[in-house]
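Residue numbers (full-length UniProt numbering): 1 to 182.
Just so it is clear, CB atoms sit at the ideal spot from N, CA and C, and this is done for glycine as well.
Structure first, commentary second.
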């Protein structure tokens, strides 16, 4: 019997999303290992969780594979000459811009975790503190909302159990009365 198909969309429940991320990440990394071993391929996988945590696998080293990837992009452009040399320059500029953006994001991520703060000015530190405070408030609000939802759910379950309990008591009383009459 085959597995059912699931709709590919964002999982709203945080716990389910984290469990699914963990399972799928492990599956992806396992497949990458298998591909590198079975096919003697150079494989690199980089995954950032929604919390910014880095997970990676590389059959050699991430740096070597990324360097090779960058060189491969340049080789591909040279191996396939085109009439539009401007497009080559544009793609190279895009790759460079993406690399710069990635470096900035990594630095921001590290700074959000309290690392790499040495070069920041007082104003930058205040801005970072404000961002972190806003993030903490957002997390607290979400946590409070989840707790309130859980409390409502628990109260509803309690009311349901109380009603069922009362119904069972009524049934027991009616059975007891009918037994006494006999």
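Residue 179 to residue 17, Cα distance in whole Å? 54 Å
Taking C-alpha atoms, which residue in 177, 130 and 71 lies nearest to residue 96? 71
How many Å lie between residue 111 and residue 123 at the Cα? 14 Å
For residue 47, which of helix, strand or coil comes out of DSSP? strand
Scan the stretch 86–133 and note each continuous alpha helix (DSSP H) run of 4 residues or more that stays entirely inside, going in chain order. none
When the Cα atoms are used, what is the spatial distance from residue 13 to residue 6? 15 Å
Taking the straight line between their C-alpha atoms, what separation do you get for residue 116 and residue 62? 22 Å
Selection from 93, 91 and 29 that minimises the alpha carbon distance to residue 44: 29
C-alpha distance - residue 168 paired with residue 159, whole-angstrom precision: 14 Å
Less than 7 Å between the beta carbons of residue 32 and residue 57, yes or no? yes
How many angstroms separate the CA atom of residue 82 from the CA atom of residue 140? Note that residue 82 has pLDDT 48, beneath the 50 cutoff, so the model's placement of it is unreliable and the number below is only indicative. C-alpha separation (whole angstroms): 55 Å.
Tell me, please, which residues DSSP counts as bridged to residue 54. 48
Boundaries (first-last residue) of the alpha helix (DSSP H) holding residue 16: 14–39
Nearest-angstrom Cα distance between residue 64 and residue 50? 26 Å
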